[in-house]
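Some notes on the structure that comes next.
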Amino acid sequence: MKKIILLLLIGTTAFSCKNAQSVASKDNSDPSKYIKAISEKSLKTMLYVIASDEMEGRETGSKGQKKAGLYMIEQYKKSGISFPKGATDYYQHIPAAFLNARRNENLPDSENIWAYIEGSEKPDEVLVISAHYDHVGIKNGEIYNGADDDGSGTVAVIEMAKAFAKAKKQGHGPKRSILFLHVTGEEHGLHGSRYYSENPLFPIANTIADINIDMIGRRDVEHAQTNNYVYVIGADRLSSDLHNIVVAQNEKYTKIDLDFKFNDPKDPNHFYERSDHYNFAKHGIPSVFFFNGVHEDYHQKGDEPEKIEYDALTKRTKLAFSIAWDLANRENRPVVDKK
Ligand SMILES: [Zn+2]
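Residue numbers (mature numbering (1 follows the signal peptide of the UniProt record, and there is no 0)): -20 to -1, 1 to 319.
Next up, the structure:
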């Protein structure tokens, strides 16, 4: 009898303490619950649509790309995530003249797509999470579905937004604002991100960082033994803080092998200059790029959703989410301490 009473007492006390705490303060120190909300099933469902033949390879400005865009917007609407404050809809329209200014490829008008969650404490400071949703279209009658490039990043960004929206509903919304930015025209020369960086909706000075995701669903030959890795590129180029955050969050939550090989400025591939984060870094915004490296289906018709390793896609999305969580909630924005 005695023992049971004691246990009951302890149980009651613990319960009431926990309750009081969650009501009293918006403690965002532990993202575990929302990292868990990043769902392999959901990523897979969305990617099979984004990288389906129906989207015709998502060539910049094409009917197929616009269709993919509508599907993406539908996902945001379903999760109650709006377009950004100051915009009139989910589109940032980019005129053909801009897309063809550097090298005329006769591209039609196209759109970046954006969604937004406003911060609770520092709404004017904005974290950007980016991925390009265009691919190379149809060549010689074959549809290039671009499941890895960059269907994987596209669905990762949406899934992260959904987890942040869930957290917000439960009283744990981000303290800073987050812009979820799906850029167009990447395959033709990073046009969409360049357009955003030259026509930003939120001042560049208030943009605290960019997390860019481009190809995180496959593995390269260097990692034939395991898919438990990701290349991290650019984090330390402008900000030691950003690099340290990436390492610390991975150690705490995802424990993926972080491969910094392509971060070497002397690496002949120059991946740092080859995806959309570069247009943010150019403007002095701390930026990190997550990437799985190239493989036999890179820019080939075989880049299909059947070949995606969904466990790897999920883990890498969780890593990016945990970093975004820290950036959006930490006391101070990452300091730029390098040129
Ligand atoms: Zn790409």
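Positions of the beta carbon are idealized from the N, C-alpha and C atoms, including for glycine.
Contact test: residue i Cβ vs ligand 1 heavy atom, cutoff 7 Å
{"i": "S110", "result": "no"}
{"i": "M52", "result": "no"}
{"i": "E284", "result": "no"}
{"i": "D129", "result": "yes"}
{"i": "M140", "result": "no"}
{"i": "E39", "result": "no"}
{"i": "E289", "result": "no"}
{"i": "M195", "result": "yes"}
{"i": "E101", "result": "no"}
{"i": "E276", "result": "no"}
{"i": "E166", "result": "yes"}
Near ligand 3: residue i beta-carbon under 7 Å from a heavy atom
{"i": "S255", "result": "As for ligand 3, it is missing from this structure, which binds only ligand 1."}
CA-to-CA distance, residue j to residue i, given in whole angstroms
{"i": "F78", "j": "E231", "result": "42 Å"}
{"i": "residue 348", "j": "Y258", "result": "Limits of the chain in this structure are -20 at one end and 319 at the other, which puts residue 348 out of reach."}
{"i": "A67", "j": "R198", "result": "35 Å"}
{"i": "G133", "j": "G172", "result": "15 Å"}
{"i": "L181", "j": "Q205", "result": "43 Å"}
{"i": "I265", "j": "S255", "result": "15 Å"}
{"i": "S2", "j": "E36", "result": "Any answer about S2 is weak, because its pLDDT of 41 lies below 50 and its placement is not dependable; what the coordinates show is given next. When rounded, the distance between both Cα atoms is 48 Å."}
{"i": "D283", "j": "K6", "result": "43 Å"}
{"i": "H73", "j": "M52", "result": "16 Å"}
{"i": "A189", "j": "P314", "result": "8 Å"}
{"i": "N312", "j": "D306", "result": "10 Å"}
{"i": "V274", "j": "D200", "result": "6 Å"}
{"i": "D237", "j": "L50", "result": "35 Å"}
{"i": "E253", "j": "I193", "result": "14 Å"}
{"i": "residue 321", "j": "H168", "result": "Here the chain has residues from -20 to 319 only, and residue 321 is not among them."}
{"i": "A4", "j": "K65", "result": "Per-residue confidence for A4 stands at a pLDDT of 40, beneath the threshold of 50, marking its modelled position as unreliable; no derived number is given."}
{"i": "Y278", "j": "S100", "result": "40 Å"}
{"i": "V316", "j": "A185", "result": "12 Å"}
{"i": "N224", "j": "R217", "result": "12 Å"}
{"i": "G41", "j": "E122", "result": "18 Å"}
{"i": "M26", "j": "P75", "result": "28 Å"}
{"i": "H226", "j": "K298", "result": "Residue identity differs from the one stated: residue 226 is Val in this sequence, not His. Answer to the nearest angstrom: the Cα atoms are 12 Å apart."}
{"i": "G44", "j": "D244", "result": "37 Å"}
{"i": "E54", "j": "R310", "result": "31 Å"}
{"i": "S12", "j": "E98", "result": "21 Å"}
Under 8 Å between C-beta atoms of residue i and residue j
{"i": "Y96", "j": "I158", "result": "yes"}
{"i": "A143", "j": "F301", "result": "yes"}
{"i": "S177", "j": "K318", "result": "no"}
{"i": "V137", "j": "I109", "result": "yes"}
{"i": "H152", "j": "N8", "result": "yes"}
{"i": "L23", "j": "T294", "result": "yes"}
{"i": "E85", "j": "R156", "result": "no"}
{"i": "A111", "j": "Y14", "result": "no"}
{"i": "V268", "j": "A215", "result": "yes"}
{"i": "A308", "j": "P154", "result": "yes"}
{"i": "Y124", "j": "K246", "result": "no"}
{"i": "F271", "j": "F240", "result": "no"}
{"i": "L161", "j": "W94", "result": "yes"}
{"i": "E34", "j": "K47", "result": "yes"}
{"i": "L222", "j": "G165", "result": "no"}
Cβ separation of residue i and residue j, assumed to be a contact under 8 Å, to the nearest whole Å
{"i": "N179", "j": "D291", "result": "So it is not a contact: roughly 38 Å between Cβ atoms."}
{"i": "I288", "j": "D114", "result": "Between D114 and I288 the Cβ distance is about 18 Å, and since that is not below 8 Å, they are no contact."}
{"i": "V210", "j": "R296", "result": "5 Å"}
{"i": "M140", "j": "A261", "result": "The pair is not a contact, with the Cβ atoms about 20 Å apart (cut-off 8 Å)."}
{"i": "F242", "j": "I213", "result": "5 Å"}
{"i": "Y175", "j": "N92", "result": "7 Å"}
{"i": "I30", "j": "G117", "result": "About 14 Å; that fails the 8 Å criterion."}
{"i": "Y28", "j": "P285", "result": "5 Å"}
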